[in-house]
Every structure is written in C-alpha cells, then in structure tokens.
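Protein chains in written order, with the working numbering: chain A, 8 to 328; chain B, 12 to 281.
Backbone N, C-alpha and C fix where the C-beta goes; we use that ideal spot for every residue, glycine too.
If you're wondering where the values come from, they're calculated on a predicted model, not measured in any experiment.
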Amino acid sequence: MGRGDSEYFPADSPWHLRDGVPIGDATLDAASSSAASGCAGAVPVATVAPLPTARDCLVRIRGLSFSHGSRKIFDRVDLDLPRGAVTAVMGPSGTGKTTLLRLISGQLRPDAGTIEVDGEPVQSLGRAALYNLRRRMGMLFQSGALLTDLNVFDNVAYPLREHTDLNPALVRKLVLLKLEAVGLRGARDLMPSELSGGMARRVALARAIALDPMMILYDEPFTGQDPISMGVLVTLIRQLNDASHLTSIVVSHDVRETASIADFIYVIAGGRVMAQGTPVAITAERSAWVRQFMDGLPNGPVHFHYPAPALAADLLTRGLG
Amino acid sequence: MARRARALTDGLLNPLARLGQRGLKALAGLGRASLLLVGILAGSAQMLRRPRLLLAQVYNVGVLSLLIVAVSGFFVGMVLGLQGFYVLSQFGAKESLGVMVAASLVRELGPVVTALLVAGRAGSALTAEIGLMKATEQLAGLEMMAVDPVHRILTPRFYGGLISMPLLAVLFSAVGVLGGYFVGVGLLAVDEGAFFGQMQAKIDFREDLVNGVIKSLAFGLVVTWISLFQGYDATPTSEGVSRATTRAVVHSALAVLAIDFVLTALMFGK
C-alpha cells in the first residue's frame, strides 16, 4: 500500500505540507494507507472522488435515514470513515451534522439503516454494550460540556476515576500528561467558569483522550473561537490524531480550517452527500452548490432570500400580517 | 354552505381535540416520569458504593434549608400559640394550648409547610441545576463518557431529598412548639406545667409522630421526583429551564396538598 494511493492524497495536497513543514513519512503512510484500501461499497450520489476505500473503515454507515419530527434529516446516506484518518463532515447549519455524531455514538437511533463502529452495529446495541463501546470513543461537545462543579484536574480525572481502579498517584500522572498534551497543565486548579471558550474545549479534549479512545468525535470545534485558539485547536486535532493513532471525525462548517487538517471530506446538505473526496478534490470540484459552500458565496444554488412571494406583490398586499 | 358547516364542526371539534391532545401529553409525561423514577431507583445500589455523593446532596437539600425551615417553624408556632390561646380561652381551656400547638404541627403543618418550603427552596434549585446541566450538554457529556447521568446525578439528589424531608419536618415541628411556648407561656402566661404536661399525655408517638414522619417521607419523594423530572425533561434553553422551574414548584405544591388530604383521610379518618 503506502505511496500507491497518491490518487487520493497527491504529494501536493495541503496536509502533506501542513503548517509549512513536511510531515513525517510515517504519518503519511499511516494516514494514507488506512484511508485507502478496500472498504467496499460505492455511493450512488454526486461523487467527486471514489470513496476512501480503506481496508479498515472504523465507521461504516449504510442507508442511514433519520427524521426529526416531520423533517427528514438524513435520507439513505452512506458514509465510510477510515481508521486513522481525520475525516471532516461539512455542511450548512441545520443539516444534521451534530445529529450524525449523536447517531454514531448511539445517543440517537436511526429510523433505518445501519451504523457500524469498529464492527459493532450501534443502532441495535444494548445499553451495556453501548457503554462499553463509548469507553473507546471520545466526544468533544461544542460547549465543552465540562462538569461545572469540578475543577479542571477533576474533570479530566473523572473518566479515569469512573472506569478504572488506578491509584490516585497514577491518576494524577495521567491527568497531568493529558493536560500537558493540550497545553493546560498549569490551569489544573481553575474552575470551568474561569476558562475561556477555547481553553474549556482544550480541557474537554484532554478529558476525551483520558481513556485513550480509538476515535474522537468533534462537534463544531472551531465555532466562536478567536484566531489564536482556533489555530491551537486545528493543530491539536491533527497532532493528537497522528500521535495517538486515533480516528477523528470533525463536524464543522469552518471550511478552510477543517479542510487544512482533513484527509477526507464529506459535504452533506439536504439529507444527502453532496460531495466527497480529498481536500484537493473538493477544492477542484466544479459543481455550483459545492463551490458556493466552499467559497462562502452569498448567492448561488442556495438563495440569499428565504422563499417568499414577490416583493412588490407582498408590499402591495393590504393587511397587517 | 359546506364551508360554514366545516367551520362549525371545526369549532365544535377543535376544543375536544385539544382536550384529547392535552390529556395524551399529560399521560405521556406521567409515563416518562415513571420511567425516570424506575431509573433513579435502579441506581440505588451504585450510590451506596459512593456515599459521598449522597452526603453532598443531603447537605444541599437538607442543611442549606435548615435556616428557612427553622425560622418559618418558629413563626408558625407563634401564630398557632396566639390563635389557639384566643379560641381556647373562650372555652376556658387555655391549658390545652400545648396539645393544640403540638398536634397541629406534628400532624399537619410540620410536614406540609416544610414540603412547600423545600419545594420552593431546594426543589426549584434541583430543577434549574439539572435543566442547565442538560442545556450545557453536561448530561450528554456524561452519557458519552459511559457514565449514566440518571444514576450518577439524579439518584443521589433523589435520596438527598427523601432523607432530608422528614428530618426538616421534625425540626420544623420542634421549633414550632418552642414558638408556641414562647407566645403561650412566655407572653400570655399559660401555665408551663399544663402546656407540656397535656402535650405529653395527649400526643401519641405512633398515631401522631410516626404518621407525621410518614407524610413527610411521601412529600419528600414526590417533591424531589417532580423537581428532578422537570429538570431532566426540560427543553434545553433558558426559557425551557425557567418554565420547568416554575412547573416544578407549582406541581410540587399541588401534589403535596392533594396527597396530604388523601393521607390524612387514611391515617386519621376513623
């Protein structure tokens, strides 16, 4: 495998020269080989590049349908998320990106279709099996979701104390190492209310990796961040993924930041996959909708105006409504 | 014509449909609340392994409500002493003031007023806390860490309320008796020996005290259950949490008064 899959990851792809520094060959091999070999199945939608045909898909979604009330959020969606890679799921607000993470983690059950995580069918797992699976998953919530009555140290120690019988000295060492990884070892005594939004997310990230999961789900990690903490988070997500051999799923509509660290991108909208491929392929995609989304154009297939009758007719109508 | 007929049937049927819809909604809520209670109780064993969580909640619900319960108890006792004295002295029975004050407190006012105070002071706080934990994704966060938020967060709070309520009610009654004593014996010169002697002779341990404690246990269960359910079931927005908090207090108060009537009829209605 290795270099042969350059059709998916050409040498000039943005993540080859991440942050202007060529990343190590080992990382490249790990990322590309897992992202590119034999995950069966093709998706019959507007496809830009073939699926990331990984021998080893960590998450495999087939025929996923999900409705919220009468609103259809997913309509027979197929997704493959390769092991060891950073996969981005992008799309406009309200397309169910967060819902997708909740479906993958079993917080919601699909109306139809299957979701396999590490070979286990999430949609039909019982409570105990689901909890068992979740110990191998971390999720970074948009708000951080730290427990507000515990300080930073205790928040990160929480999963360790809940799920392991490690002695306090070892827990302390592990927590400090995890906090060091996100650069907040010095903030261990602060309460969540004393943290900035970006710091809270980094603490939550340290907590998410406390049990050394196989996969981390990021829910809009960049929303509302200033440029510095955004940059910190972008780098952290990539570094953690490569250093700890994780699989990352980043749900976001911050196109540039997400594309800069993703190995593979799915663009979803209106309940379907609109485009999929490497960042380079997506950037080269010509479809008007994808262009509008990726370039942030105010008008295009998605109209600036919410559907309404003609302005003149509306203004001339009598009435108070 | 057909349009008018339709408007007429709509006008007749819509209120009926709304009534049915409300009824179904209420039933569904009751079902969710019952499931939650089962979940809470299922976490009991796990809580015993972490007694610290329970202690923290007994402190939250019980100790932090001490002052308001004690002060209210004292005033209620004083009012009882005053009112009782006026009525009893008309019949020349002011020596029975002690019995009257103690019986009213132990049988009724202690458990009921304490439950109303706890619903306002601690129940609303529980609802807001749980509702905000839901709104800030803390509950979902626990869920994702493979920790059951019902067992870990709700169960200790439930038992905290259940244990605190009878203790607070007993305290309320005790302080109330002191209040009645202060007014009756201290200010209105009722004989001290008669005040306590008659109380001792007429207040029965099983009949009065134990029944009062049973009542406040029932109130503790209902108030904490309603408060926790409202928080857990709240719409996770600021408006949703504020509505849930109001509902928790209103539903708790109504439930306490209704249950009090039923229990009183069962216990003392012979």
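Interface residues of chain A facing residue i [CB-CB closer than 7 Å]
i        : result
Val158/B : Glu169
Phe148/B : It should be noted that the sequence gives Glu, not Phe, for residue 148/B. Per Cβ cutoff of 7 Å: Phe148, Ser150 and Ala152.
Contacts of residue i in chain B (Cβ-Cβ under 7 Å)
i        : result
Tyr138/A : Ala157
Arg90/A  : Correct list: empty, because the minimum Cβ distance to chain B is about 20 Å.
Arg142/A : Ala157
Euclidean distance between Cα positions of residue i and residue j
i        : j        : result
Met145/B : Arg143/A : Going by the sequence as given, residue 145/B is Lys instead of Met. Going from the Cα of Lys145/B to the Cα of Arg143/A covers about 23 Å.
Thr105/A : Arg116/A : 13 Å
Ala61/A  : Asp85/A  : Because Ala61/A sits at a pLDDT of 45, beneath the cut-off of 50, its placement in the model cannot be relied upon, and the following sentence gives the value as read from the coordinates. Cα to Cα, the separation comes out at about 15 Å.
Ile270/B : Glu119/B : 12 Å
Val258/A : His252/A : 19 Å
Leu240/A : Met97/A  : 17 Å
Leu220/B : Pro220/A : 55 Å
Thr155/A : Asn162/A : 9 Å
His310/A : Arg60/B  : 58 Å
Ala229/B : Phe102/B : 36 Å
Gly126/A : Ile111/A : 12 Å
Ser74/A  : Asp118/A : 7 Å
His312/A : Asn306/A : 9 Å
Arg258/B : Ser100/B : 43 Å
Ala293/B : Ser55/B  : Residue coverage of chain B in this structure runs from 12 to 281, which leaves residue 293/B outside it and unanswerable.
Met281/A : Gly103/A : 14 Å
Pro247/B : Leu143/B : 7 Å
Val196/B : Gly204/B : 10 Å
Asp196/A : Asn158/A : 6 Å
Leu108/B : Val186/B : 16 Å
Ala157/B : Leu24/B  : 48 Å
Asp172/A : Arg293/A : 55 Å
Gly171/B : Asn71/B  : 8 Å
Arg208/A : Ala276/B : 56 Å
Val189/A : Leu243/A : 7 Å
Ala255/B : Ala130/B : 13 Å
Pro89/A  : Ala320/A : 52 Å
Leu265/B : Thr125/B : 14 Å
Leu78/B  : Gly88/B  : 15 Å
Residue j beta carbon less than 9 Å from that of residue i
i        : j        : result
Val69/B  : Lys226/B : no
Leu51/B  : Thr166/B : It is Ile, not Leu, that sits at residue 51/B in the sequence shown. Their beta carbons are under 9 Å apart, which means Ile51/B touches Thr166/B by this criterion.
Leu179/B : Leu232/B : no
Glu201/A : Met237/A : no
Gly190/B : Gly92/B  : yes
Ile6/A   : Gly278/A : Nothing can be reported for residue 6/A: it is not among the residues displayed for chain A, which extend from 8 to 328.
Gly242/B : Ile174/B : no
Val234/B : Ser253/B : no
Ala136/A : Thr254/A : no
Gln149/A : Thr230/A : yes
Phe183/B : Ser115/B : no
Leu218/A : Gly145/A : yes
Ala213/A : Leu191/A : yes
Ile272/A : Thr285/A : yes
Val110/B : Ile214/B : yes
Per-residue contacts from residue i into chain B (C-beta, under 8 Å)
i        : result
Ser112/A : Met155
Buried versus exposed, by CB contacts within 10 Å (16 or more), residue i
i        : result
Ser238/B : buried
His162/B : buried
Gln32/B  : exposed
Pro228/A : buried
Phe300/A : buried
Val55/A  : Below a pLDDT of 50, predicted positions are generally treated as unreliable, and Val55/A, at 43, falls in that range; the measurement from the model is reported next regardless. Classification of Val55/A: buried, given that the 10 Å Cβ count is 16 or more.
Asn248/A : buried
Lys105/B : buried
Asp87/A  : buried
Tyr192/B : buried
Val74/B  : exposed
Phe86/B  : exposed
Thr20/B  : exposed
Tyr97/B  : exposed
Ile235/A : exposed
Asp233/A : exposed
Leu58/A  : Caution is warranted here: a pLDDT of 49 is assigned to Leu58/A, below 50, making its placement in the model unreliable, and the coordinate value is therefore given only provisionally. By the neighbour-count rule (16 or more Cβ atoms within 10 Å), Leu58/A is buried.
Asp270/A : buried
Contact set between residue i and chain B, taken where Cβ atoms lie within less than 9 Å
i        : result
Pro228/A : Going along chain B, no residue has its Cβ under 9 Å from Pro228/A, so there is no contact; the nearest lies around 14 Å.
Tyr165/A : Leu153, Met156 and Val158
Residue i: contacting residues in chain A (beta-carbon distance under 8 Å)
i       : result
Gly84/B : Going along chain A, no residue has its Cβ under 8 Å from Gly84/B, so there is no contact; the nearest lies around 30 Å.
Check: Taking only runs of the alpha helix (DSSP H) that begin and end inside the stretch 139-185 of chain A, which ones reach a length of at least 4 residues, in chain order?
Finding: Segments of the alpha helix (DSSP H) lying fully in the stretch 139-185 of chain A: 159-170.
Next item on the list: Within the stretch 93-165 of chain B, note down every full beta strand (DSSP E) run reaching 3 residues or more, in order along the chain.
Entry: Given a length threshold of 3 residues, the stretch 93-165 of chain B has no whole run of the beta strand (DSSP E) inside it.
Margin query: Report the start-end ranges of each alpha helix (DSSP H) in the stretch 207-251 of chain B that is 4 residues or longer and not cut off at the edges.
Written below: The stretch 207-251 of chain B contains these whole alpha helix (DSSP H) runs: 222-243.
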